[in-house]
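The next block holds one structure in the form of structure tokens; read it before the comments.
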Amino acid sequence: MAKEVTLLGFWASPFVFRVKVALQQKGVVDYEYIEEDIFNKSPRLLELNPVYKKVPVFIHGEKVVNESLIILEYIDETWQQNPLLPRDPYQRAMARFWAKYSEELMVKAFMALVLKGEAKEKNAKEFAEGLEKIEGEFKGKSGLLFAEGEGNIGYLELAFGWILYWLPVWEEAGSFQILDPQKFPVINEWSTKFVNHPLIKENLPARDRMLVYFRKLSEEFFTLFRA
Amino acid sequence: KCKTLTMAEEVKLYGTWSSPFSRRIELALKLKGVPFEYIEEDLSNKSPELLKYNPAHKKIPVLVHNSKPIAESQVILEYIDEIWNNNPILPQDPYQRAMARFWGKFIDEKVLATRMKANFAEGKERELVTEEFFQQMEFLENELNGKDFFGGETIGFVDIVAIVVAIWFPLTQEVLGVDTFTEEKFPVLFKWIRKITEIDVVNECRPPREKHLAYVKARIEDLKSASK
């Protein structure tokens, strides 16, 4: 019997992670999760996300939604308990702004992971500058922000999850270092709270497995993904 | 419930006359009848206010509503739609909203970049990127699918974002003397362009043609001499 909700995902993806946590917070637990091999994409994935050919792909009945942050907003509007986004329009705008900022920064961090030499350094430097802006912006605000309701995770936290958990793995896998706890005390404290939150903890991919995967990606990215 | 502007309410838009991102905010505000103060920025000499209101990017447009700044044009559009809910820009239905956000993002994050590359690449790379551009425009062509506008019978979020395609693409093409984006290839999109550019408020919010042509010509010259 077909389930109402299906999620196409990949275990190491910070984007898929966002959707998993969102669904769990909303109490949507009886859905079908399908692990995709992103190096050998299924016809179904290519059919359901012809524009980007990426996971996550979120299927709700007849409806298909792509792009993780857009999926989060869809989930928040469809299942209204335990909100992901703030109620206040200005706070919502701030959450959306910083989520977008973080996506742009992720590109640089990922480039630092997979590139070598000068290009790697340039991206790492630009990434560090961007991260400093986030550190500055969220100074003085305690971790676990922009969520409504005690114990909830918010949209912005999910958007930032890659900084709070994936980034240290990328640094190790790609031999670059940005997250100095002296320079980024806010982000470091936030990371600790984040990875220890029960909802987050149970959805995080295992670190050692991630390290192997991202190390390989760092070395072989341009052959694995013909750019 | 329609929120009207009171004496205490203040709406300011920091923008530039030639920017499609800035113009789309003007359009949204005008569509909703929101009075606002417009401040033209000189990007070679950014005002202290702009730097204060958008320290992360130092870019326009920035909307300031009762002293609270918002940057990023699509974030601003959503904010405007939530504060002033007459003449809605986004649909009500969550799935339709998701689709609107998806295509809006696609245009700004993919189509614009591909178009830039296609315009200035050479040789084999130009061929490949132009092909990519055609594929991307084909998605938009199919999305219109017999509707007058992306938003249905009236213009919506995607139409407002896509005005960059309706107005800026043909203009740049004219200056460059290329003909990649044609009615022959994209009849549905060109029909949409005709319809949307017939709308008064859209025309109120577009750069004046001669001035715009001259500006684009100058920018392209700059880019060409910079790359030599």
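Here the protein sequences line up with chains A and B, keeping their order. For the first sequence, the UniProt record's numbering gives the first residue as 1, with consecutive numbering after it. For the second sequence, the UniProt record's numbering gives the first residue as 1, with consecutive numbering after it. We put the beta carbon where it would ideally sit given N, CA and C, even for glycine.
Is residue i helix, strand or coil by DSSP?
{"i": "N30/B", "result": "The sequence as given places Lys at residue 30/B; Asn does not occur at that position. In this structure, K30/B counts as helix in the three-state DSSP scheme."}
{"i": "P20/B", "result": "helix"}
{"i": "A206/A", "result": "coil"}
{"i": "P56/A", "result": "coil"}
{"i": "K4/A", "result": "In the sequence as displayed, the identity of residue 4/A is Glu instead of Lys. Coil at E4/A, not helix or strand."}
{"i": "L23/A", "result": "helix"}
{"i": "E9/B", "result": "coil"}
{"i": "G9/A", "result": "strand"}
{"i": "E32/A", "result": "strand"}
{"i": "I153/A", "result": "coil"}
{"i": "E41/B", "result": "coil"}
{"i": "A56/B", "result": "coil"}
{"i": "D88/A", "result": "coil"}
{"i": "K141/A", "result": "coil"}
{"i": "V51/A", "result": "coil"}
{"i": "P181/A", "result": "coil"}
{"i": "P14/A", "result": "helix"}
{"i": "K46/B", "result": "coil"}
{"i": "L45/A", "result": "helix"}
{"i": "D37/A", "result": "coil"}
{"i": "P35/B", "result": "coil"}
{"i": "N86/B", "result": "coil"}
{"i": "K1/B", "result": "Note that K1/B has pLDDT 42, beneath the 50 cutoff, so the model's placement of it is unreliable and no number is given."}
{"i": "N188/A", "result": "helix"}
{"i": "K116/A", "result": "coil"}
{"i": "P91/B", "result": "coil"}
{"i": "F221/A", "result": "helix"}
{"i": "F97/A", "result": "helix"}
{"i": "W79/A", "result": "coil"}
{"i": "V227/B", "result": "Per the sequence shown, residue 227/B should be read as Ser rather than Val. Coil."}
{"i": "F160/A", "result": "helix"}
{"i": "S68/A", "result": "helix"}
{"i": "S102/A", "result": "helix"}
{"i": "F176/A", "result": "coil"}
Checking contacts by CB at 8 Å: is residue i closer than that to chain E?
{"i": "Y95/B", "result": "Structure shown: chain E not included; protein chains present are A and B."}
Return the bridge partner residues of residue i from the DSSP annotation.
{"i": "I70/B", "result": "L63/B"}
{"i": "K63/A", "result": "H60/A"}
{"i": "G136/A", "result": "Bridge partners of G136/A: none, in fact."}
{"i": "G15/B", "result": "E40/B"}
Can you give me the Cβ contacts of residue i inside the same chain, cut-off strictly under 6 Å, excluding the 5 residues immediately before and after it?
{"i": "K1/B", "result": "Residue placement at K1/B cannot be trusted, given a pLDDT of 42 that sits under 50; what the coordinates show is reported in the next sentence. For K1/B, where only same-chain residues beyond five positions count, there are no Cβ hits under 6 Å."}
{"i": "E132/B", "result": "T114"}
{"i": "F176/A", "result": "A112, A124"}
{"i": "E32/A", "result": "K3, T6"}
{"i": "W17/B", "result": "P207"}
Once the 5 residues before and after residue i are set aside, which same chain residues still bring their CB inside 8 Å of it?
{"i": "L115/A", "result": "N123"}
{"i": "G27/A", "result": "W79, Q81, N82"}
{"i": "I71/A", "result": "R18, V19, A22, P56, F58, V65"}
{"i": "N188/A", "result": "L179, P181"}
{"i": "A227/A", "result": "For A227/A, the predicted structure reports a pLDDT of 44, less than 50, and the residue's modelled location is therefore unreliable. The matter cannot be settled from this model."}
{"i": "I70/B", "result": "V62, L63, V64, I76, Y79"}
{"i": "residue 297/B", "result": "This structure leaves residue 297/B out entirely; chain B is present only between 1 and 228."}
{"i": "Y53/B", "result": "Y14, V62, V64, P69, A71"}
Using a Cβ-Cβ cut-off of 7 Å (strictly less than) and excluding sequence neighbours within five positions of residue i, which residues of its own chain qualify?
{"i": "residue 230/B", "result": "There is no way to answer for residue 230/B, as the model of chain B reaches only from 1 to 228."}
{"i": "D108/B", "result": "Q74, V161"}
{"i": "A28/B", "result": "L77, I80, I89, I160"}
{"i": "I200/A", "result": "V21, I153, F194"}
{"i": "P168/A", "result": "L179"}
{"i": "S218/A", "result": "L113, V114, A173, G174"}
{"i": "W166/A", "result": "P14"}
{"i": "K58/B", "result": "K46, L50, L51"}
* **Entirely enclosed alpha helix (DSSP H) segments - the UniProt domain "GST C-terminal" (93–220) of chain B, minimum 4 residues** => 94–106, 112–120, 123–144, 157–163, 169–176, 187–196, 200–204, all fully within the UniProt domain "GST C-terminal" (93–220) of chain B.
* To do: Evaluate the contact criterion for the segment 180–197 of chain A versus the segment 126–137 of chain A: three or more CB pairs, one atom per stretch, below 8 Å.
  => Counting Cβ pairs under 8 Å, three or more are found: they touch.
* Asked: Would the segment 60–69 of chain B and the segment 8–20 of chain B be scored as touching if the rule is three or more Cβ pairs under 8 Å?
  -> Output reads yes: the segment 8–20 of chain B touches the segment 60–69 of chain B.
* the segment 21–33 of chain B / the segment 147–167 of chain B touching (three or more Cβ pairs under 8 Å) -> By the Cβ test, the segment 21–33 of chain B is in contact with the segment 147–167 of chain B, since at least three Cβ pairs between them sit closer than 8 Å.
* Would you check if the segment 84–93 of chain A and the segment 154–166 of chain A touch, i.e. whether three or more CB-CB distances between them fall below 8 Å? => Short answer: they touch.
* Would you be able to state if there are at least three C-beta pairs under 8 Å between the segment 130–147 of chain B and the segment 185–194 of chain B? => Inter-segment contact for the segment 185–194 of chain B and the segment 130–147 of chain B is present: three or more beta-carbon pairs are separated by less than 8 Å.
* To do: Spell out a yes or no on whether the segment 28–37 of chain A and the segment 3–17 of chain A are touching, meaning 3 or more CB-CB pairs, one atom from each, closer than 8 Å.
  => The segment 28–37 of chain A and the segment 3–17 of chain A touch, with no fewer than 3 CB-CB distances between them shorter than 8 Å.
* the segment 199–218 of chain A touching the segment 170–183 of chain B, judged by at least three CB pairs closer than 8 Å -> Result no; under three Cβ-Cβ pairs closer than 8 Å.
* Asked: Touching or not, the segment 163–173 of chain B and the segment 192–207 of chain B, by the rule of three or more beta carbon pairs under 8 Å?
  -> The segment 192–207 of chain B and the segment 163–173 of chain B touch, with three or more beta-carbon pairs separated by less than 8 Å.
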